[in-house]
């Protein structure tokens, strides 16, 4: 079945440093979504990318969808302690109704 | 802002007991989901439900699991005979079907029910 992997599994940065997580799918995706989950919380939708090569920005967060629609990345510029959490990508493929979540990247930010 | 509501927030049960997890999706949403997340792991799809029937289910969703929309607002997940390995966070999600295209829809997640099987 479809697998979605993320690297790294864990990243610890100093506040102000940049952070990137990479997402790779074993199959072509219709779209990709990114979620943030705070410790003890539930996944919160961040953004959806649909088009090949699409780039979207939300303040310090930049999201990219690969040309082949099999990979994606999330880049955070100048991290803050409020960015702490686990970032999941999740893909929809074909007409499937389910989201296949990636393995997640846990981000820790310290002062 | 409308939200997906799940009850209870934490359920403790003995192995072999039946549990029912409840969800109230956002009122005008039409597609419903259950996911689970074992502690420290990724979120896993269990089942999707549309038009009063299961649309898709994963390998995890075996005969011990069932879903129901008993009335116009609730969406339930039943586990008939719980096992230790069923201990996890269970998330309900729902979407509004935009133009019939699932790929354009955002799933809204509830806060989850933590199920602890002893």
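Residue numbers (our numbering), protein chains in the order written: chain A, 1 to 111; chain B, 1001 to 1118.
Beta carbons are placed, not taken as given, at the ideal position from N, Cα and C, and that holds for glycine.
Everything numeric in this text was worked out from a predicted model, so none of it was measured.
Enclosing beta strand (DSSP E) for residue i [first to last residue]
| i | result |
| --- | --- |
| residue 5 (chain A) | 4-7 |
| residue 1064 (chain B) | Element bounds for residue 1064 (chain B): n/a, residue is neither H nor E. |
| residue 36 (chain A) | 31-37 |
| residue 108 (chain A) | 105-110 |
| residue 1022 (chain B) | 1019-1024 |
| residue 71 (chain A) | 71-76 |
| residue 1114 (chain B) | 1113-1117 |
| residue 55 (chain A) | 55-58 |
| residue 12 (chain A) | 10-14 |
| residue 1042 (chain B) | Note, residue 1042 (chain B): premise wrong, no beta strand (DSSP E); not H, not E. |
| residue 1078 (chain B) | 1075-1079 |
| residue 1106 (chain B) | Here residue 1106 (chain B) belongs to no beta strand (DSSP E), and DSSP marks it neither H nor E. |
| residue 62 (chain A) | 61-65 |
Beta carbon proximity, residue i to chain B, threshold 9 Å
| i | result |
| --- | --- |
| residue 68 (chain A) | no |
| residue 48 (chain A) | yes |
| residue 35 (chain A) | yes |
| residue 41 (chain A) | yes |
| residue 134 (chain A) | The question about residue 134 (chain A) has no answer, for chain A in this structure spans 1 to 111. |
| residue 72 (chain A) | no |
| residue 44 (chain A) | yes |
| residue 98 (chain A) | yes |
| residue 103 (chain A) | yes |
| residue 63 (chain A) | no |
| residue 78 (chain A) | no |
Residue i, DSSP secondary structure in three states
| i | result |
| --- | --- |
| residue 1056 (chain B) | strand |
| residue 1084 (chain B) | helix |
| residue 21 (chain A) | strand |
| residue 120 (chain A) | Any property of residue 120 (chain A) remains undetermined from this structure, which presents chain A solely from 1 to 111. |
| residue 1007 (chain B) | strand |
| residue 100 (chain A) | strand |
| residue 86 (chain A) | strand |
| residue 79 (chain A) | coil |
Best match in the options for proximity to residue i [C-alpha to C-alpha]
| i | options | result |
| --- | --- | --- |
| residue 1069 (chain B) | B:1094, B:1118 and B:1038 | B:1094 |
| residue 1029 (chain B) | B:1111, B:1004, B:1086 and B:1089 | B:1004 |
| residue 11 (chain A) | A:98, A:72, A:83 and A:29 | A:83 |
| residue 92 (chain A) | B:1081, B:1106, B:1037 and B:1072 | B:1106 |
| residue 63 (chain A) | A:81, A:43, A:87 and A:109 | A:87 |
| residue 24 (chain A) | A:85, A:97, A:80 and A:74 | A:74 |
| residue 1115 (chain B) | B:1011, B:1031 and B:1002 | B:1011 |
| residue 41 (chain A) | B:1118, B:1090, B:1117 and B:1097 | B:1090 |
Contact with chain A by residue i, beta-carbon distance below 9 Å
| i | result |
| --- | --- |
| residue 1106 (chain B) | yes |
| residue 1065 (chain B) | no |
Would the segment 1063-1076 of chain B count as touching the segment 87-105 of chain A if we require 3 or more Cβ pairs under 8 Å? no
Within 8 Å, do at least three Cβ pairs link the segment 49-68 of chain A to the segment 1012-1019 of chain B? no
Does the pairing of the segment 1069-1085 of chain B with the segment 1043-1055 of chain B give three or more beta-carbon distances under 8 Å? yes
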